[in-house]
């Protein structure tokens, strides 16, 4: 799950889906650097139903957890459908998430190019 390029935003917690089923979440994590748009990875202990990334109740509880950790901003959309997996939901964070991610150690690689535009 975690590698040298991951920043763990949350450890284990429980979340309930729209059908009332409880799910054990192992972690919420992001990569330590990227270009603007941040994919947020939610690792689950057990396999999920297909399409769990669309479950508003489940995603809402994930966002509640992130907000309890300091994120302030709009809700997320789902990430690339090819990234979704049996034990993984990937959400695409809005731009407002970048400030929170940076406070956790994330580096915006696009910012390096912005600094060179003054020439």
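Residue numbers (the UniProt record's numbering): 1 to 119. Heads up, the beta-carbon is just placed ideally off N, CA and C, and yes, glycines get one too.
Go through its chain and collect everything with a Cβ distance to residue i's Cβ below 7 Å, but skip five positions before and after it.
{"i": "residue 97", "result": "38, 71, 73"}
{"i": "residue 104", "result": "7, 9"}
{"i": "residue 75", "result": "63"}
Got a sec? Which residues, its chain only, sit under 8 Å from residue i by beta carbon, not counting five neighbours each side?
{"i": "residue 109", "result": "33, 34, 35"}
{"i": "residue 61", "result": "15, 16"}
Can you tell which of the options has its C-alpha closest to the C-alpha of residue i?
{"i": "residue 6", "options": "95, 15, 40", "result": "40"}
{"i": "residue 16", "options": "111, 49, 103", "result": "49"}
{"i": "residue 31", "options": "12, 101, 112", "result": "101"}
{"i": "residue 52", "options": "9, 23, 4", "result": "23"}
{"i": "residue 59", "options": "18, 111, 95", "result": "18"}
Go ahead and label residue i buried or exposed: buried means 16 or more other beta carbons lie within 10 angstroms of its beta carbon, across all protein chains shown.
{"i": "residue 54", "result": "exposed"}
{"i": "residue 106", "result": "buried"}
{"i": "residue 81", "result": "exposed"}
{"i": "residue 66", "result": "buried"}
{"i": "residue 47", "result": "exposed"}
{"i": "residue 20", "result": "exposed"}
{"i": "residue 79", "result": "buried"}
{"i": "residue 69", "result": "exposed"}
{"i": "residue 56", "result": "exposed"}
Within the same chain, show all residues whose beta-carbon is closer than 6 Å to that of residue i, passing over the 5 residues directly before and after it, in chain order.
{"i": "residue 26", "result": "12, 43, 45"}
{"i": "residue 86", "result": "47"}
{"i": "residue 93", "result": "38, 40, 76"}
{"i": "residue 83", "result": "90"}
{"i": "residue 95", "result": "none"}
Fill in: Any beta strand (DSSP E) of 3 or more consecutive residues that is wholly inside the segment 9-42
Counting only runs that start and end inside the segment 9-42, the beta strand (DSSP E) elements of at least 3 residues fall at 13-16, 22-31.
Discussion item. Please give the ranges of any beta strand (DSSP E) in the segment 37-102, keeping only runs that are unbroken, at least 3 residues long and fully inside the region.
Written reply: With a minimum length of 3 residues, the continuous beta strand (DSSP E) runs that stay inside the segment 37-102 are 39-44, 88-92.
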